[in-house]
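Structure, as C-alpha cells:
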C-alpha cells in the first residue's frame, strides 16, 4: 500500500483519484500526502547550479487557504480564479515561485517566496547560481543589481509594447539571450498544479518540491525512494539507476 501511495504522490495523482484507486478514505490520505511531500521538500538539494549559463524567472500561482475554515465572506478560503492584476504576493493569494534553470544540465532550483522585490529575488538567484554564471532574466527591476554580485546579467524585454523572446547579441547566429527554458518549465509546473483543482498556499512549496524532484531526476533509485518516506539524507543525483522514473 505504501509503495502505491508513494507512486501516486510522485506521479501527481489527485487525492480523490488516488483514494478511489486504493479504495481508502480521502481524509486519511491528505495528511499522509503532506507528510511525504514535506520530507521531499526537506531533502531538496541546496547547492548552486554549476552551469555557466542559467535563466531566472518567476511565476505567480493562484493559491489561497484551501482546507481552512473561513467564516468571513470577504476572506475566501481559496481563489482559483483570482483576477488580481499586477505582480502577485503571498498576501493577495498569488504567491510567487522563483526559479532558475541551468542551460547545460537542465536542472532547476525553485522556491516559493512572499514577494518579488529585489532583496528576495537577488538572494534566491545568488543562492541558486555560481558567482561567475551568466544569468538570463527579463527586465524586471528586482534583478537589476545582479551584476554587483559578480554575475553577468543578460536581459530580454517582455513588456507588451516592445516584446522580444530571444536575441543574438554576439552575431553568431544563435539567439543566446533568452529565458525560454524557464518559461517552458513554468508550463510544466502549472500543468501539474492544475490537476489538483486548487492548492493551499501553505502547502504550495511541497507540490513545487515534488515537481522539482521529478524534473531533475530521470530515474528512480533506492536513494530516491528512501528520501520520500523521510529515511535518507539529501541526494542531488541518483547513485544507482536502471528503473525508469515514469514507469
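Numbering (full-length UniProt numbering), first residue to last: 1 to 247.
Where is the CB? At the ideal position from N, CA and C, for every residue including glycine.
Extent of the continuous beta strand (DSSP E) to which residue i belongs
| i | result |
| --- | --- |
| residue 134 | 134 to 138 |
| residue 113 | It is not in any beta strand (DSSP E) - residue 113 carries neither H nor E in the DSSP assignment. |
Closest Cα partner of residue i within the set the options
| i | options | result |
| --- | --- | --- |
| residue 108 | 189, 86, 200 | 189 |
| residue 86 | 46, 140, 203, 49 | 140 |
| residue 199 | 64, 36, 148 | 64 |
| residue 185 | 158, 156, 172, 216 | 216 |
| residue 194 | 57, 207, 202 | 207 |
| residue 201 | 53, 182, 62 | 62 |
Local conformation of residue i per DSSP, three classes
| i | result |
| --- | --- |
| residue 98 | strand |
| residue 53 | strand |
| residue 60 | strand |
| residue 166 | strand |
| residue 13 | coil |
| residue 103 | coil |
| residue 192 | helix |
| residue 178 | strand |
Outcome for residue i when other beta-carbon atoms lying within 10 angstroms are tallied against a minimum of 16
| i | result |
| --- | --- |
| residue 84 | exposed |
| residue 14 | exposed |
| residue 169 | exposed |
| residue 110 | buried |
| residue 72 | exposed |
| residue 31 | exposed |
| residue 242 | For residue 242, the predicted structure reports a pLDDT of 29, less than 50, and the residue's modelled location is therefore unreliable. A value from the coordinates is still provided. Residue 242 comes out exposed. |
| residue 26 | exposed |
| residue 104 | exposed |
| residue 151 | buried |
| residue 166 | exposed |
| residue 3 | exposed |
| residue 91 | exposed |
Element boundaries [alpha helix (DSSP H), containing residue i]
| i | result |
| --- | --- |
| residue 35 | 26 to 42 |
| residue 152 | No alpha helix (DSSP H) holds residue 152; the beta strand (DSSP E) holding it covers 152 to 156. |
| residue 123 | 118 to 128 |
| residue 161 | It is not in any alpha helix (DSSP H) - residue 161 carries neither H nor E in the DSSP assignment. |
| residue 207 | 204 to 216 |
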